[in-house]
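The numbering used here numbers the first residue of the sequence shown as 248 and each following residue consecutively.
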Amino acid sequence: MNMPTNYSTTNQSYKHLSEAERGEIEAYLSVGLKPAEIARRLGRNRSTITREINRGSITQLKKVNGQKVYYQHYYADAAHNRYRDARETSYYLKLDRVSNDFLTKFIEAMREKPRVHSVDTFVHTYRLQHVDAVVPSTKTLYNYIHQGLLEIKVIDLPRAVRIRKKFNKRPSTKKHLGKSIEERPEEINNRSRFGDWEIDSVLGGKTIGEPSILTLVERQTRYAVTKKLVEKKAEYVNQAVLECMKLYPIKSITADNGNEFSSLSKIEGLDVYFAHAYSSYERGTNENFNGLLREFIPKGSSLKKLNPTLLEDYTKAINERPRRIHGYQSAKKLFELTQTA
248 MNMPTNYSTT NQSYKHLSEA ERGEIEAYLS VGLKPAEIAR RLGRNRSTIT
298 REINRGSITQ LKKVNGQKVY YQHYYADAAH NRYRDARETS YYLKLDRVSN
348 DFLTKFIEAM REKPRVHSVD TFVHTYRLQH VDAVVPSTKT LYNYIHQGLL
398 EIKVIDLPRA VRIRKKFNKR PSTKKHLGKS IEERPEEINN RSRFGDWEID
448 SVLGGKTIGE PSILTLVERQ TRYAVTKKLV EKKAEYVNQA VLECMKLYPI
498 KSITADNGNE FSSLSKIEGL DVYFAHAYSS YERGTNENFN GLLREFIPKG
548 SSLKKLNPTL LEDYTKAINE RPRRIHGYQS AKKLFELTQT A
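Rendered as structure tokens:
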């Protein structure tokens, strides 16, 4: 492999890495060179190269001895895009320099029903499709909105306005519905295994006999499945879970201590774990999805007239959104890749 080699003893830590250097880093990594050797060849500090590799690496999936394994791979293009994002937040990009096409399509995307993009994923996607356009960073775009420079208002943004709940310490009430989350294997905790889900209920109005929505989210890919239930009762939850098990790989489920989940442990072939009381953070993946779903179904709105097909559309829109945590790939894409790997 013929690659330019720089054996200069003078480190260039005071200069930012160039796009060409990032390309060399990717090439050197592909032939197995360690960060220390790459740093020596480029005349850079080892810490500079290590930090660059960490920032520019994206989670990938491969099969090793029949097992699905996630690993980190450095991509020069992705690393350079992140560098450019960071540079743009270091100064204020004037609005009159920004692409008019970008602003028009951004407003359309934020008003789309159901909405696919967040502010951040729209910026990233537009940049990939229009490499020569002048596009603001996500932070700068939020600044425009907060300053009232765009037609979009803060209240129009997804999850932009949040009301923090006040929590009073409640006495511990022990409820033994099954295995505790403390017994959950490490392969579930660290998300290294595919097929482990979190479950929850989303409520509508508070009237008696009000329907509910069952939400299940796969922990590794963040792919979600939703079901409208006649009522928030254990019999309907179990029925819905059994239906899902016929369609999706479900090895385990982590639930809270709600009465509607009290019979989950009776389902054969399914490991069920229960979080601690008043510890919603232990099911953070599901809680995050529920927050996204609330964009379409605000709290307090009745679910009686909610068409199941419309609920599927909402869920599909969320699953197809690019996610920063997945290197701007969607949960749907990762879920499909993992199933076929």
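All C-beta atoms, glycine included, are put in the ideal place defined by N, C-alpha and C.
Under the 10 Å beta carbon count, Q319 is surrounded by fewer than 16 other beta carbons and is classified as exposed.
With fewer than 16 other CB atoms across the displayed protein chains lying within 10 angstroms of its CB, E359 is exposed. Remark: C-beta atoms of A286 and I300 do not approach each other more closely than 7 angstroms. With respect to the 7 angstroms criterion, A326 and R269 are classified as neighbours on the basis of their beta carbons. When C-alpha distances from R541 are compared across T387, A380, L450 and Y389, the shortest belongs to L450.
R440 and K563 have their C-alpha atoms spaced approximately 23 angstroms apart. Just so you know, the alpha carbons of L517 and V488 end up roughly 10 angstroms apart. In the structure shown, the three-state DSSP call for D348 is helix. Taking 7 angstroms as the cut-off, the beta carbon of V472 is found no closer than this to the beta carbon of T532. The beta carbons of D443 and I435 sit closer together than 7 angstroms. Here A502 is buried, its C-beta having at least 16 other C-beta atoms within 10 Å.
Inclusion of L308 and Y321 in the CB contact set at 7 angstroms is not warranted, their separation being larger than that value. The beta carbon of N554 lies closer than 7 angstroms to none in the same chain, with the five residues before and after it left out.
According to the DSSP assignment, D443 belongs to the beta strand (DSSP E) that extends over D443 to L450.
Shown here for Q467: same chain residues with a beta carbon closer than 6 angstroms to its own, the five before and five after excluded, namely R438 and F441 in chain order. In this structure, A481 is the residue among A481, E445 and H393 with its C-alpha nearest to the C-alpha of S459. Here the alpha carbons of L397 and S526 stand approximately 39 angstroms from one another. In terms of Cβ geometry, Y528 and R431 do not form a close pair [threshold 7 angstroms]. Assigned with DSSP and collapsed to three states, K513 falls in helix. Between the alpha carbons of N312 and K479 lies a distance of about 43 angstroms. For P569, the pairing in a beta bridge is given by DSSP as S577. Looking at the backbone, the Cα of L511 and that of E559 are separated by about 24 angstroms.
A buried status is given to A323, since no fewer than 16 other beta-carbon atoms sit within 10 Å of its beta-carbon.
Exclusion of the five residues before and after T385 leaves V366, D367 and V370 as the residues of its chain whose Cβ lies within less than 7 angstroms of its Cβ.
At least 7 angstroms separates the beta-carbon of A380 from that of Y470. In its chain, beyond the 5 residues on either side, P361 and Y561 have a beta carbon closer than 7 angstroms to the beta carbon of F543. In this structure, P496 is the residue among G538, E534, G574 and P496 with its C-alpha nearest to the C-alpha of T585.
Rounded to the nearest whole angstrom, the C-alpha separation of V363 and T306 is 22 angstroms.
DSSP places V477 in the coil class of the three-state scheme, outside both helix and strand.
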